[in-house]
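Which chain is which? The protein sequence lines are Y and B, in order.
With my numbering applied, the first sequence closes on residue 741, and no number is skipped along the way.
With my numbering applied, the second sequence closes on residue 725, and no number is skipped along the way.
Here a beta-carbon is modelled for each residue, glycine too, at the ideal position from N, C-alpha and C.
Remember, it's a predicted structure, so these values are computed and weren't measured experimentally.
This report concerns only the one structure given below.
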Amino acid sequence: MTPAADGRATAVDLDSRSANAQAPPSGRSPEPSYDPAVDDEPSPTYGQDLREAATELWRFREMLYQLTLRDVRIRYKQAVIGFGWALLMPALVVLSGCVVRYAMTRRSGALLDLAGIASISVKALPWSFFVGTISFATQSLTGNLQLVSKVYFPRAVLPLAATFGQAFDAAIGAIVLAFVLPFLGVHASVALLWVPVLALLLFLLTVAASLFLSCANLFFRDVKYIVQVMLTFGIFFTPVFFDPEMMGSRLARLVMLNPLSPLLEGLRLAIVDQHDLLVPLVAADGVLVWSPAYLAYATLWAIVGLAASAMIFHRSEFVFAEYI
Amino acid sequence: MSDASVSFRRVWKKFRYGEIHNSLRDLLPALGRRLIGRGVRSSHDLESGDFWALRDVSFEVRPGEALGIIGPNGAGKSTVLKLLTRIVRPTRGGCTVRGRIGALIELSAGFHPDLTGRENVFLQGSIMGMHRREIAAKFDEIVEFAGIPDFIDTPVKRYSSGMHARLGFAIAAHLDPDVLIIDEVLAVGDAAFQQKAFGRIAEMRRQQVPLVVVSHQLDRIAQLCTKAILLNRGRVVHSGTPRETIAAYVGTGESTADPIAGDAATRIDSMIVNAPDQVPSGTVITVTLTGTVRPHWTGTRESVVLRVASVETGTTVFSTDTALSGVALPYAGPFTLEMDLQLNVPANVYTIQSLVLDTLTSREVFPGPGAQIDVGEGPPFVGSVQMNPRVRMREGEHAGASSGGITPVV
């Protein structure tokens, strides 16, 4: 087929055969010409778009459930270690955190104590949830090519199912962690009420990143390599093995710019230090450890990020089938 | 506001062909464009590498109607289906489909090889938009229809391709859609299953479910559809009855000589009506036809038709046929056909005429025997004529209650 418009004039050759057919509503039609002056049907506003995306997602909630179930089933059907799978990744993160921390603190004299291990554990779990989700979600659209190009459904269910599948693993990890923490000297307190809030913010932030990256990877296949590199080295720019205040005042603030940092630090302070997150906290050497503004900052990222990525995702999902 | 279930209003659709830019260098400008406007919708002009897959295509389908879309490869048929199923959106114009769409396209796209048939039924059903409870309620029916009750707890990677396809079709066939969209899927499974599948579609047609069919099997279009359009290079070059449109496509048109009776593969030898000469309106009568099919190239597209016409006016008040009922004529050999009709007609004298129709050309290729029946006053008659036909087919010798296989009633 030739791309030039005039190459298509040969289309009339079929007309001569049907010229005398005359049943309603019928017959031959003239060669159409494209008039750019004709108005399109009006474009929806941002609000309408988000509402449409949300209602479609609600309509297909069963599919989201079934896909999540599929991912979980497949993972546990195939893996010899079964539910241990959910613990392997966070356990490895904790172990490497302990090794790094031990090496760092051996010189300074302040050896790694139980509270240190507890804080690494508390932060390792959300970090491995984030990493696991992003690496699965990034390829969720391109990995379901057959579905995306042939069947209608709100495309967001694919990255969302990846997120929920990982959330299931994280929940198992959290239950195990809840049994382990008392042995590390961590006890229940009112500050634990912050955990669901922080978990929700982390979930929203992860969904935002999943939507954006899965969509980006569909259009640009090299995105997944960049994501892989970022996830590998991201742990050095996210306070998992270390606490930001160890780096001094200025660098601590820089580390906290990472939207994940306030969430991980918040979890550590609320669980291990039993600190109320509405109250600022300053270390003995004058370094700002926590400010409620950090929480506001992370919340802003989660909400604005989710709205923006949902918008980008929804506006481009109708060309997925053309580009995939 | 129109009451059409499916409406295509002056749809234009632009596609790109060849390599699409997919390096990160283009990420920012591309996302920027998409954020500002509707991506491809915002640009009107054909850039290099773009082409119009559809140009100014309009049609409507109302409840009870069936639209066939035919045309050569690359005409834009698949694009129409993608727009109807909402996988892509039009560049210009509007496309609306009311209610739940049942798309008999890529029926097992959601299957996961490691999951069992049972797990996949729930997964695939949810992808088609069904809820767990709905799937659970129809589960046994689906398995029964697919004919794989013994394998339902086996991972589908161990299924044969036929079982795979049959299960996919069975799920889709139990969706209860408001609009049915079909893409060549009648080529699923063996002949018996195809007949069952076709019967299921014919049943939905009788329930007035609007239908859009894309097919290269022109005889199927002729059997199923009430109207058809011919697409070529992205535009509608003909629209009208299926017969005219098919004629416009294959180029045979009106000039082809009528097939004569001798050309028909199917002969109807006798007709018996099991009713007294006068029956009250509303009675169910059984018409038994016997006939023979000889192996012949037209055989697969022939259908036995029963027409009920008023003697007074000569107008046909009702007709039914084997193709519409999803009953297959044998490939060769004798057959017995029983058709139950409920005489929901005003009191009058009627003729019941049998004949053989070539479904591709809609021509009567064999005039069968007929009978006359006097319908007296019965319960008050209201509404349109609907005789609730039930058709049974028995292959083999005509001798009474033979033990030949009975094709299930549709």
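Which one or two residues does DSSP pair with Val588(B) in a beta bridge?
-> Bridge partners of Val588(B): Val602(B).
Counting pairs of beta carbons, one from the segment 681-690 of chain B and one from the segment 585-603 of chain B, are three or more of them closer than 8 Å?
-> Using a Cβ-Cβ distance cut-off of 8 Å, the segment 681-690 of chain B and the segment 585-603 of chain B are in contact, since at least three pairs of beta carbons, one from each stretch, lie closer than that value.
Would Ile450(B) pass as a contact of Gly440(B) if the rule is Cβ separation under 7 Å?
-> With contacts defined by Cβ atoms closer than 7 Å, Ile450(B) and Gly440(B) form a contacting pair.
Measure the alpha-carbon distance for Leu670(B) versus Arg550(B) and round it to whole angstroms.
-> So the two alpha carbons sit approximately 37 Å from each other.
Are Gly606(B) and Asp636(B) close, meaning C-beta to C-beta below 7 Å?
-> Cβ atoms of Gly606(B) and Asp636(B): not closer than 7 Å.
Whether Thr550(Y) touches Asn634(Y) by CB criterion (7 Å) | Judged by beta-carbon spacing, Asn634(Y) lies beyond the 7 Å limit of Thr550(Y), meaning their Cβ atoms are not closer than that value.
Cross-chain neighbours of Gln483(Y) in chain B, by beta carbon under 7 Å = Against Gln483(Y), the close residues of chain B are Phe437, Leu438 and Ser441, in the order they occur along the chain (beta-carbon pairs closer than 7 Å).
When the Cα of Phe658(Y) is compared with those of Leu529(Y), Leu621(Y) and Phe636(Y), which residue comes out closest?
-> Ranking Leu529(Y), Leu621(Y) and Phe636(Y) by Cα distance to Phe658(Y) puts Leu529(Y) first.
Going along chain B, which residues have a C-beta under 9 Å from Leu564(Y)?
-> Around Leu564(Y), the beta-carbon contacts reaching into chain B at under 9 Å are Glu421, Ala424, Gly425 and Ile442.
Count the CB pairs spanning the segment 636-645 of chain B and the segment 592-602 of chain B that are closer than 8 Å, and state whether there are at least three.
-> No contact exists between the segment 636-645 of chain B and the segment 592-602 of chain B.
What number of angstroms, rounded off, separates the C-alpha of Leu542(Y) from the C-alpha of Leu594(Y)?
-> Their Cα atoms are separated by approximately 9 Å.
Mind checking who Tyr665(B) pairs with in its DSSP beta bridge?
-> Note: Tyr665(B) sits in a beta bridge opposite Ser625(B) and Ile688(B).
Check the Cβ-Cβ distances between Lys567(Y) and every residue of chain B, and say whether any is below 7 Å.
-> For Lys567(Y), the answer is yes, since a Cβ of chain B falls inside 7 Å of its Cβ.
Assuming Ile275(B) and Thr400(B) make a contact with CB atoms under 8 Å, what is their CB distance in whole Å?
-> Examination of residue 275(B) is not possible in this model, given that chain B is present from 316 through 725 alone.
In angstroms with no decimal places, state the Cα-to-Cα distance between Val552(B) and Ala727(Y).
-> If I take the Cα positions, the gap works out to 41 Å.
Buried versus exposed call for Ile592(Y) [16 or more other C-beta atoms within 10 Å across all chains shown] | By the neighbour-count rule (16 or more Cβ atoms within 10 Å), Ile592(Y) is not buried but exposed.
By DSSP, does Phe330(B) sit in helix, in strand, or in coil?
-> Three-state result, Phe330(B): strand.
Check distances from the C-beta atoms of the segment 396-408 of chain B to those of chain Y and list, in chain order, the residues that come in under 8 Å.
-> With the criterion set as a beta carbon lying under 8 Å from some beta carbon of chain Y, the members of the segment 396-408 of chain B are Lys397, Thr400, Arg401, Ile402, Val403, Arg404, Arg407 and Gly408, in sequence order.
Can you tell me which of the three DSSP states His479(B) falls into?
-> Three-state DSSP puts His479(B) in a helix.
If we cut at 7 Å on Cβ distances, does His446(B) have a partner in chain Y?
-> Between His446(B) and chain Y, the shortest Cβ-Cβ separation is below 7 Å.
Relative to the C-alpha of Arg407(B), which residue among Phe330(B), Leu482(B) and Leu438(B) is closest?
-> For Arg407(B), the nearest C-alpha among the options comes from Phe330(B).
Just to confirm, are Phe570(Y) and Tyr740(Y) a CB contact at a threshold of 7 Å?
-> The beta carbons of Phe570(Y) and Tyr740(Y) sit no closer together than 7 Å.
Of all the CB atoms in chain Y, is at least one closer than 7 Å to the CB of Glu710(B)?
-> No, Glu710(B) does not count as interfacial toward chain Y.
Are the C-beta atoms of Ala715(Y) and some chain B residue less than 7 Å apart?
-> Chain B contact via Cβ: absent.
Under 7 Å between C-beta atoms of Pro525(B) and Glu653(B) | Cβ distance not < 7 Å, so Pro525(B) and Glu653(B) don't count as in contact.
Count the other CB atoms within 10 Å of the CB of Glu692(B); is the residue buried (16 or more) or exposed (fewer)?
-> The Cβ neighbour count for Glu692(B), taken over all protein chains shown within 10 Å, is under 16; the residue is labelled exposed.
One or two residues paired with Phe637(Y) in a DSSP bridge | When beta bridges are read from the DSSP output, Phe637(Y) appears opposite no residue.
Could you pull out every residue in the same chain whose Cβ sits closer than 6 Å to the Cβ of Leu562(Y), ignoring the five residues on either side in sequence?
-> Excluding residues within five positions, the ones whose Cβ falls inside 6 Å are Ile741.
Identity of the residues DSSP links to Thr607(B) by a beta bridge | When beta bridges are read from the DSSP output, Thr607(B) appears opposite Arg582(B) and Pro649(B).
Count the C-beta pairs between the segment 710-720 of chain Y and the segment 614-623 of chain Y that are closer than 8 Å, then say yes if the count reaches three, no if not.
-> Touching, yes, given that three or more Cβ pairs across the two stretches are closer than 8 Å.
Can you give the Cα-Cα distance for Glu479(Y) and Gly582(Y), rounded to whole angstroms?
-> Approximately 14 Å between the Cα atoms of the pair.
Can you list, in chain order, the residues of its chain whose CB lies under 6 Å from that of Val326(B), leaving out five sequence neighbours each side?
-> Cβ neighbours of Val326(B) beyond the five flanking positions: Leu369, Val372, Pro405, Gly408 and Cys410.
Touching or not, the segment 428-447 of chain B and the segment 481-488 of chain B, by the rule of three or more beta carbon pairs under 8 Å?
-> The segment 428-447 of chain B vs the segment 481-488 of chain B: in contact.
Within chain C, partners of Asp318(B) - CB distance below 8 Å = Judged by its chain identifiers, the structure shown contains no chain C, and its protein chains are Y and B.
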